[in-house]
Ligand SMILES: [Zn+2]
C-alpha cells in the first residue's frame with residue numbers, strides 16, 4: 001500500500017509551550033486572504049454541474065457567508081456577502097433543474113436541500129425576507145420527500161444524500177435563523193423512519209448491530225455514507241436535547257447498541273474500518289479522512305460522550321486524534337472531506353470538549369502545514385480545487401474557526417448546540 005500521508009514534521013505539544021503558538025492571528029488572516037484569492041481565481045474554476053455544497057457553488061457561497069458574518073474575519077474581504085449572494089444565485093439556477101426529483105429535495109450535501117438551506121441564511125444576512133421565505137419553502141419540500149420511502153436500493157439515510165444529511169440541515173437552520181424553522185415533531189418523525197429503516201435492514205440481513213444501513217450496496221460505517229454519520233444525527237435530535245421529546249427505552253438501546261458496536265471496531269492504531277464488508281473480510285484500506293475512518297467518526301463519539309457521559313467515547317476520540325496527528329496530513333489536498341483541513345477539525349472538536357491547549361496546538365500545526373512546501377508543493381490538486389468539501393473553501397472555514405476555537409465546528413456537524 002502506498003503511503004497516503006506526509007509524515008508530520010512538527011514536534012508534538014509539550015507542557016512548557018502553552019500559548020506561544022497562539023500569536024499567529026495575522027498570519028492566519030493573510031492565509032485566508034490568499035485562499036480567498038484562489039477561490040475567486042478563474043483559472044481554478046471548474047465546470048459546476050450541480051451547484052451543491054460538496055463541490056459546487058453553494059459550498060463556496062457558504063464559505064463567503066461564514067467569512068462575512070464571523071466577527072474576526074468580516075474585514076478581510078469586504079465583498080464577502082456579495083460573493084456569497086452571487087455564488088448561491090448560480091447554485092439556485094442549477095437547483096431549478098432538479099426540483100422535480102423527490103430524492104433531490106432532501107439531499108443536503110449533494111443536492112437541493114443544502115443549496116436552499118444556505119440560500120436561506122444568505123437571504124437573511126442580506127435582509128431579504130421574501131427571498132428567505134421562498135428559500136425556506138423550497139428547503140421544507142424535503143420534509144415530505146424524505147418520508148416517501150422506507151429505503152431504496154441506493155440507501156437514503158446517510159449524510160451526503162439521505163435523511164441524516166437533511167437533519168443536519170434542519171439543525172443548522174434552527175441554530176442560525178431565529179425561531180424553530182423546523183419543529184421538533186417534524187424532526188422526530190424523520191428520526192423514526194431512520195430507526196425503522198435501520199431495524200429492517202438489520203433484521204433482514206441478521207446483522208451484528210440493531211441498526212444497519214446500506215448506501216450504494218455497501219454497509220459503510222463512516223461519517224459521510226455510513227452508520228456513524230446517521231447515529232450522530234439521531235443523537236442530535238430532540239430525543240436527546242435538554243428539553244427532550246420522550247423516546248422508548250428499546251429505541252435508545254438500539255441506537256446506543258449500534259454506536260457501541262462501532263466503537264468496539266477501533267483498530268490498534270486508533271482508526272475505524274470503512275465498512276462492515278471490510279470488517280468481514282479483514283480488509284484495512286488505511287483511510288483516515290472525514291469521509292472514511294477516524295476523522296469522521298469523532299463527531300459521533302463526541303456526541304455519544306455528551307449524551308451518555310461514558311469515558312470510553314472520549315478515550316476512543318483521543319485515540320482518533322493521536323492517529324490524525326501522526327497520519328492526517330494527506331496528499332489528497334486541503335479540503336474537508338479527505339484533506340488536511342477536515343482532519344484539522346478533529347483537534348478543534350477535541351479542544352472544545354476538553355479545553356486542552358495541546359489540541360489547539362495541533363490544530364495550529366495543521367494550519368501551518370497548509371502553506372508548508374512539504375505539503376503545498378506535493379499535494380494532489382483536487383478535481384474541484386475551489387470547493388467546500390474538496391478544496392480551498394473548506395480550508396478557509398477551518399482557518400476562520402481556528403481564530404475562534406470556542407465556536408469552531410466542522411460545517412453542519414456541530415455537536416455543541418443544546
Ligand atoms: Zn472524501
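In my numbering, the protein residues as written are 1 to 418.
Glycine included, every Cβ here is placed at the ideal spot set by N, Cα and C.
In this text, all values refer to a predicted model and were calculated from it rather than measured experimentally.
My output table needs one value for residue i: the three-state DSSP class, helix, strand or coil.
{"i": "residue 5", "result": "strand"}
{"i": "residue 220", "result": "strand"}
{"i": "residue 146", "result": "coil"}
{"i": "residue 82", "result": "helix"}
{"i": "residue 250", "result": "helix"}
{"i": "residue 39", "result": "helix"}
{"i": "residue 215", "result": "strand"}
{"i": "residue 330", "result": "strand"}
{"i": "residue 258", "result": "helix"}
{"i": "residue 275", "result": "strand"}
{"i": "residue 434", "result": "Because the chain in this structure spans residues 1 to 418, residue 434 falls outside the shown range and cannot be described."}
{"i": "residue 237", "result": "coil"}
Is it right to say residue i is buried, meaning 16 or more other beta carbons lie within 10 angstroms of its own, or is it exposed?
{"i": "residue 137", "result": "exposed"}
{"i": "residue 378", "result": "exposed"}
{"i": "residue 284", "result": "exposed"}
{"i": "residue 23", "result": "exposed"}
{"i": "residue 236", "result": "buried"}
{"i": "residue 278", "result": "buried"}
{"i": "residue 292", "result": "buried"}
{"i": "residue 417", "result": "exposed"}
{"i": "residue 219", "result": "buried"}
{"i": "residue 273", "result": "buried"}
Less than 8 Å between the C-beta atoms of residue i and residue j, yes or no?
{"i": "residue 32", "j": "residue 262", "result": "no"}
{"i": "residue 80", "j": "residue 64", "result": "yes"}
{"i": "residue 245", "j": "residue 188", "result": "yes"}
{"i": "residue 53", "j": "residue 121", "result": "no"}
{"i": "residue 164", "j": "residue 102", "result": "no"}
{"i": "residue 234", "j": "residue 255", "result": "yes"}
Going by DSSP, what residue range makes up the alpha helix (DSSP H) through residue i?
{"i": "residue 290", "result": "No alpha helix (DSSP H) contains residue 290, which DSSP labels as neither H nor E."}
{"i": "residue 354", "result": "340-354"}
{"i": "residue 284", "result": "It is not in any alpha helix (DSSP H) - residue 284 carries neither H nor E in the DSSP assignment."}
{"i": "residue 71", "result": "Here residue 71 belongs to no alpha helix (DSSP H), and DSSP marks it neither H nor E."}
{"i": "residue 243", "result": "Neither: residue 243 is in no alpha helix (DSSP H) and is coded neither H nor E."}
{"i": "residue 361", "result": "357-371"}
{"i": "residue 102", "result": "102-106"}
{"i": "residue 387", "result": "Residue 387 -> no alpha helix (DSSP H), and no H or E assigned at all."}
Got a sec: does ligand 1 put a non-hydrogen atom nearer than 7 Å to the Cβ of residue i?
{"i": "residue 291", "result": "yes"}
{"i": "residue 274", "result": "no"}
{"i": "residue 191", "result": "no"}
{"i": "residue 397", "result": "no"}
{"i": "residue 338", "result": "yes"}
Should residue i be flagged as near chain D, meaning a C-beta pair shorter than 8 Å?
{"i": "residue 50", "result": "This model lacks chain D altogether; it includes just one protein chain."}
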